[in-house]
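Heads up: the sequence shown begins at 0 in numbering that gives the first Met the number 0, then just goes up one per residue. Cβ atoms here follow ideal geometry from the backbone N, Cα and C, with glycine treated the same way. Fair warning: this is a prediction, and the values are worked out from it, not measured in the lab. See below for the structure under consideration.
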Amino acid sequence: MLLRNLDPPKLCNGTRLIVKTLYALIIETTILTGPFEGEHVLIPRIAHIPTDLRFSFQRLQFPLWLAFAITINKEQGQSLRVTGLDLTDECFSHGQLYV
0 MLLRNLDPPK
10 LCNGTRLIVK
20 TLYALIIETT
30 ILTGPFEGEH
40 VLIPRIAHIP
50 TDLRFSFQRL
60 QFPLWLAFAI
70 TINKEQGQSL
80 RVTGLDLTDE
90 CFSHGQLYV
């Protein structure tokens, strides 16, 4: 799952991707859903520079999160062809479970 807006409207925060190939500086992926479904895209490593610390440094990382599951909040508004539900625990609020 993409964690940043890289190229709206194609590559936005929350876009679900399948990783095809890992390289040192890029990851080759395919978009899973939406109007760009099936399109191959390259995700680069990007620089993160924290500003809330007393010292400065820069780190390079991919803006991706490995996601075998998504939360209700991330799923809201999406259309899913296939889904699985884990109802082992009770929902924590009335109306929390909806399909």
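Starting from residue i and walking both ways along the alpha helix (DSSP H), at which residues does that stretch end?
i	result
E74	I71 to E74
According to the Cβ coordinates, are residue i and residue j closer than 8 Å?
i	j	result
I30	L16	yes
M0	L41	no
R153	L21	Any answer about residue 153 is impossible in this case: the structure gives the chain only from 0 up to 98.
V18	T32	no
Q57	I69	no
With DSSP as the reference, please indicate the residues paired to residue i in a beta bridge.
i	result
E27	T20 and L41
D6	L10
H47	R58
Residue range of the beta strand (DSSP E) that residue i falls in?
i	result
Q57	Segment: none, Q57 is in no beta strand (DSSP E) and carries neither H nor E.
Find the nearest neighbour of residue i within the set the options, judged by alpha-carbon distance.
i	options	result
Q77	Q57, P34, S92 and H39	P34
C11	K73, S55 and L79	K73
R3	F54, Q75 and A46	A46
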